[in-house]
Structure formats: structure tokens, C-alpha cells
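First comes the structure, then the notes that go with it.
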Amino acid sequence: MTTQTVFRIVAGANSYDWGKIGGNSKAGQYARADPEFKLQADKPYSELWMGTHPTLPSKLQSGEKLYDHLQAHPELLGDKVRKQYGGDLPFLFKVLAIEKALSIQAHPNKKLAEELHKERPDVYKGMSNSDITHRIQLTSCSQMITTKYPEMAIAITPFSGFCNFRPLPEISTFLSSVPEFASLIPPQAASNLSSSPSDSKVALREVFGALMSAPSDQIQSTLDQLIKRYESGGATPVESDVADLAQTLAKQYPGDRTNRMRISLVISSSVWPLQASLTRISQVLNHNLDWIRQRRPGRIDAQTKRCTDPRINVNLQLGPSRRPAHGAKAVQRWIKVRFAYIYAHAIVFTWFLSSDSDSYTTLYDPPIPEFSVLLTDVPAGKKASHRSLDGPSIFIVTSGSGSVSSQDIKSEGEVWFAGAGQSLEFTAGEQGLVLYRAFVEVA
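So the sequence shown is numbered by UniProt numbering: it starts at 1 and just counts up by one.
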């Protein structure tokens, strides 16, 4: 019997406090394509996962897990992908619907992931030796689509997020202009950062480490003073880009402390629909971390699609945060992991056309091997073709209806898998057809 190469799969939706509520969430809206899913109007829906990650695995309509189906039918992955990535998908495709600012995350390298999982398997799940992948995310201002460890986020509504550390001169300016911030940093660390240090990474590490390990009661008292000053209109010109954000975070997470002070260290930027944000690591401390884009920028407000690494992350959390452990040694190791951010840079790029596609298709092709994304937007009654790929793919319909290779697409939110070597022809219905397709090919 011939294995079907193009078929529907059922994605899983999760519910975290930071997600958009009920029908306002793209994750919730799209999940309704599964007839067994019942959307609750007062419940937050934060993510829709499309892939084989064991935390929230996609399934065939028969109930069989996609991972098990791929193990039984390895030809769906293609020979090159199967040899390169061990018989599994090297990406995790997501829709994110973000109402509240969420945490900045560090994706640990393989060695550290194993250590953390061994120490606290109840907290750091899915960090075992075999669980290393990448993400693609679709985010929509408050919602987005993404992929695994290297990470790319494509905005489907306007989106804001933390994307990098500020340049050292800007941080130095904050230290001299924001007394509340300066009070948490030892004078020597502040001086080292302000004096054009020969090793900027060490200087930034000292300041960041001091902030993250400051006593909670001191941070809370300092934050109370800072927010009170901002609310009374006392922000200086230097603080104009952070005052509103600090007050927003204070309302969203009134019990949070450390993270609201970090806005003096990091940059917030906006991404507009159809733009993509790529976060990658250009150099990582000597760790050789397994994450090209493993770091996810902290999302402030967005709905996006995202492709990223399926391994579970370590959080620099907003809200009910968890520091990995207590004690100076543990905190220093925690800081050390996160200081991969110093070497991170975000690339924001707009869409461009692929020579392999047609005029209705846009290719997002980041400089990493684990995934790329196609956006196909077909007008009513028109057709679009995708050439056959040497690897597997997953696509989600975000608008409209129509058909794919003579199979009906009935509604938005439908998620499909296409095996290696299968060309696709899309036909749009009366409302047009819009879909995002994450795929991998091995050169």
C-alpha cells in the first residue's frame, strides 16, 4: 500500500497566562480547525505547536502521533534529512498569541541541557541528549509563527520584543541618569563598564550579574521608587523609551522585580506584519552552544508564527519567575548561559520572492540549515505551485479555503504535512488562500 504523502495533522494548543484570551487569540482561533477542540471565551491560548516535540506532539487525524508515523514511514523525511537529523523533524513550527510580555529565554547547549535535566527533571523537561531541535514562529501582535533553536519569528500582526543588549555607552548613560538602576550596581562594575573597557563582554557580565543576583527586597524597594517617579511624570529624556514600558510591565506583573530593571540593558524593537525577526548567535563564549537563534527574544506584545528549536528553554522570566537554583555558583552558571546574549544579534528582514516559487509566494530563508518558511497568498480562484522539496514540511492555513493537490482545505487553522519529494498545487477558494509552510532541505 502506498504511503500518503500529503495529509492533515492535528496541532496542539496550550494555555499560559501570557496568552491572548479566547477568540482574540490566533492560537485559539486556529485550534478550532480540530472539531474536538472547544474554545473557551475566558481562557488564554498562548501557542499552537506543529511538530513532533513530545511536550505537545502533533497527531494524524487517526490519533497516531506524527513522530510515530514518521518512524514507520521514514521515506516521508527524505534520505538526506533522515541521515542529517536522525529520523525526526529538525524544526518546531508555532503560532504565538501574546497578550502579556513573556520571558527572555536561553536555549542551553547540549551539555548544560543534560546537567539541568539531571538536576531538576521536574523543571527542565525535554532537555535530554536527543532533544535538540529548532523553531519557526508566527506571531501576531500578540501573535506570531516561529521555529527551533535558531529562531525566526514572522509577524502576522504588529509585534514588539526585546532583541538585544543595548550598546555599552547607552547602558553607561542609564547608570549615570537613572539613580534607581545605579543603586543596584556595585560602583566598580559601573566604573568598569563606563571606562571603555578592553573586554566589553566581561564588563557587561559584571553589570548584568550584579542586577540578576541583587537581593529581592532591594530590587522591590528600588522598583517601587522608579515606578512612582515615572507615574508622577519624572522620567528624564534618557528614560523616555523605557518609562512607558516599565509601567506596562508593572501592571502586567506587579509581583515581578528583576526583569523590569533589565529594560535599562536591553533594546525593544517593533516588527510589522510580513516582516521576520531572526535571532542567532554569532559567537558564544567558548561554549559552542547548539543554538543558531536558539535564543528567543522576550516578546512584549505580538501574534506571530515562529519556527524554533523544540528543546525546552531556560527562562529569564517575567512574572512568576524561577531562578534555576540558589547559591552563588548556580547563579553564576545561570548568568553565564544567558550571556550568550552578548554575542547575539537580531536580523529583521522583509519578504522577497523565491526563484523556485511563483508570484504568490514569499520565501523567508535565514542563513541556517534547519528550516526556511514559504508564505503563499493566493487570490480567489487562482493557483500557486510549490516545487518538490528534498525534505518534509508542515503548513498552516491562516486565511481562506481552497485545495491542495486535489484535497479540500475547508478552513483557516488547518495544519498539513507534506512528505519529501512531493510537489504541491494550491487552488484558492472564494475568499482567497493564505498559508505558511515550514520546510527543511539538506544541501
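Beta carbons are placed, not taken as given, at the ideal position from N, Cα and C, and that holds for glycine.
The beta carbon of Q247 sits closer than 7 Å to those of I227, Y230, E231, all from its chain and outside the five residues before and after it, given in chain order. When the five nearest sequence neighbours on each side are left out, the beta carbons in the same chain lying within less than 7 Å of the beta carbon of A428 are those of V378, P379, A380, G381, K382, G400, G402, in order along the chain. In this structure, the alpha-carbon of M152 lies about 12 Å from that of V95. Considering only T55, G86, I156, the residue with the shortest C-alpha distance to D122 is T55.
Here Y16 is not near G28, since their CB atoms are 8 Å or more apart. In the three-state scheme derived from DSSP, where H, G and I count as helix and E and B as strand, P44 is classed as strand.
Taking one beta carbon from each stretch, the region 362-371 and the region 405-422 have fewer than 3 pairs nearer than 8 Å; the two do not touch. Taking the Cα of A31 as reference, the smallest distance to any Cα among V81, G87, L175, A97 is reached at A97. If you ignore the 5 residues before and after K80, its C-beta comes within less than 8 Å of the C-beta of D390, G391, E441, V442, all in its own chain and listed in chain order.
Taken in chain order, the complete beta strand (DSSP E) segments of 3 or more residues contained in the region 32-106 are 47-50, 91-97, 104-106.
In the three-state reduction of the DSSP assignment, A27 falls in the helix class, which pools H, G and I.
Counting along the chain, S393 sits inside the beta strand (DSSP E) bounded by residues 393-404.
Note that the C-beta distance between V434 and T398 is below 8 Å.
The beta carbons of Q220 and L184 sit no closer together than 8 Å.
In this structure, the beta-carbon distance from A13 to M50 does not fall below 8 Å. Judged by DSSP in its simplified three-state form, E414 adopts coil rather than helix or strand. Here T5 is not near L60, since their CB atoms are 8 Å or more apart. Judged by DSSP in its simplified three-state form, T427 adopts strand. Note on geometry: alpha-carbon atoms of L193 and L89 lie some 43 Å from one another. The alpha helix (DSSP H) runs lying completely inside the region 178-240 and spanning 4 residues or more are 179-182, 187-194, 200-213, 216-231, given in chain order. About 12 Å separates the beta carbons of D42 and G19, which is beyond the 8 Å limit, so they are not a contact pair. R82 is classed as buried because its beta carbon has at least 16 other beta carbons within 10 Å across all chains shown. Assigned with DSSP and collapsed to three states, G381 falls in coil, not helix or strand.
In the structure shown, the three-state DSSP call for G22 is helix.
Rounded to the nearest whole angstrom, the CA to CA distance from P74 to P169 is 53 Å.
Secondary structure at S15: coil, using DSSP grouped into helix, strand and coil. Within the model, the alpha-carbon separation for L92 versus P57 is close to 10 Å.
In this structure, DSSP gives Q247 a helical state, which the three-state scheme calls helix. Annotation for F7: the continuous beta strand (DSSP E) segment containing it runs 6-10. Looking at the backbone, the Cα of G419 and that of Y67 are separated by about 13 Å.
The beta carbons of S405 and E425 sit about 6 Å from each other, so the pair counts as a contact at 8 Å. DSSP places E119 in the helix class (H, G or I) of the three-state scheme. Under DSSP, the beta-bridge partners assigned to S372 are F439.
Between the alpha carbons of L211 and F371 lies a distance of about 36 Å. In the structure shown, Q422 adopts coil according to DSSP, grouped into three states. Non-local C-beta neighbours of G421 in its own chain, meaning closer than 6 Å and more than five positions away in sequence, comprise S388, ordered along the chain.
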